[in-house]
Amino acid sequence: AQSVTQPDIHITVSEGASLELRCNYSYGATPYLFWYVQSPGQGLQLLLKYFSGDTLVQGIKGFEAEFKRSQSSFNLRKPSVHWSDAAEYFCAVGAQNQAGTALIFGKGTTLSVSS
Amino acid sequence: KAGVTQTPRYLIKTRGQQVTLSCSPISGHRSVSWYQQTPGQGLQFLFEYFSETQRNKGNFPGRFSGRQFSNSRSEMNVSTLELGDSALYLCASSLVVGSYEQYFGPGTRLTVT
Chain A
112 AQSVTQPDIH ITVSEGASLE LRCNYSYGAT PYLFWYVQSP GQGLQLLLKY FSGDTLVQGI
172 KGFEAEFKRS QSSFNLRKPS VHWSDAAEYF CAVGAQNQAG TALIFGKGTT LSVSS
Chain B
4 KAGVTQTPRY LIKTRGQQVT LSCSPISGHR SVSWYQQTPG QGLQFLFEYF SETQRNKGNF
64 PGRFSGRQFS NSRSEMNVST LELGDSALYL CASSLVVGSY EQYFGPGTRL TVT
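Protein chains in written order, with this note's numbering: chain A, 112 to 226; chain B, 4 to 116.
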């Protein structure tokens, strides 16, 4: 069955430091992968997506992610974190079942930024 | 272009009642998906509608239903509310059915007492 694992429930990073959020997926075919961010009381905002091609994808707000098929990973990175990046981050895989398609999400990683 | 809108943003209901939530997709988007977000279960897919037809359904009881109108607006209904239905309900729109690239609204926070 398709699944997404985000091993870190909560991460604290100093402002200005680099960030890496981990994501591992389980999916038989070529995956469609996404990172979303959710600020408190808000919906999900799409940060970036990977469908095919270059394994390093650039997103909004200075984020990037690298697809590594051999490791079934799609880790999110940012070279310098800003206090406004504090939020919850979700990794998702586009999955297909007999009925149709849907996004399967990880449990999320909460990012805190310290000054 | 306006984003996905959901109404109401907050709702308090009593166990046993029913509730209807509304979602207006991004202009030009024809597919609407619904997700439930809870602290315990995380984000779970409820169903997807396209051309006024349910195209896919997640693993939720029949108390959860939805519909889509000709203008692509969608509603979801939960009947006989249970305490466990308390959640953030998120609507997402996409251009066509089966598209993984989905854009989410702010959600409706439902509290069942």
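Beta carbons: idealized from backbone N, C-alpha and C, even for Gly. Computed from a predicted model, the values in this text were never measured in an experiment.
Legend entry - Three-state class that DSSP yields for residue 40 (chain B) in the structure shown: strand
Inset, instruction - Compare the C-beta of residue 136 (chain A) with all C-beta atoms of chain B and state if any pair is closer than 8 Å. - result: no
Legend entry - Sequence ranges, alpha helix (DSSP H) only - wholly within the region 150-184 of chain A, length at least 4: none
Inset, instruction - May I have the straight-line CA-CA distance separating residue 219 (chain A) from residue 113 (chain A), to the nearest angstrom? - result: 16 Å
Inset, instruction - Pick out whichever of A:153, A:150 and A:169 has its Cα sitting closest to the Cα of residue 159 (chain A). - result: A:169
Legend entry - Enclosing beta strand (DSSP E) for residue 121 (chain A) [first to last residue]: 121-125
Inset, instruction - Verify whether the separation of the beta carbon atoms of residue 187 (chain A) and residue 132 (chain A) is less than 8 Å. - result: yes
Legend entry - Cutoff 8 Å: residue 212 (chain A) Cβ touching any chain B Cβ: yes
Legend entry - Status (buried if at least 16 other CB within 10 Å, exposed otherwise) for residue 64 (chain B): exposed
Inset, instruction - Please confirm if residue 216 (chain A) has its CB atom under 8 Å from at least one CB of chain B. - result: yes
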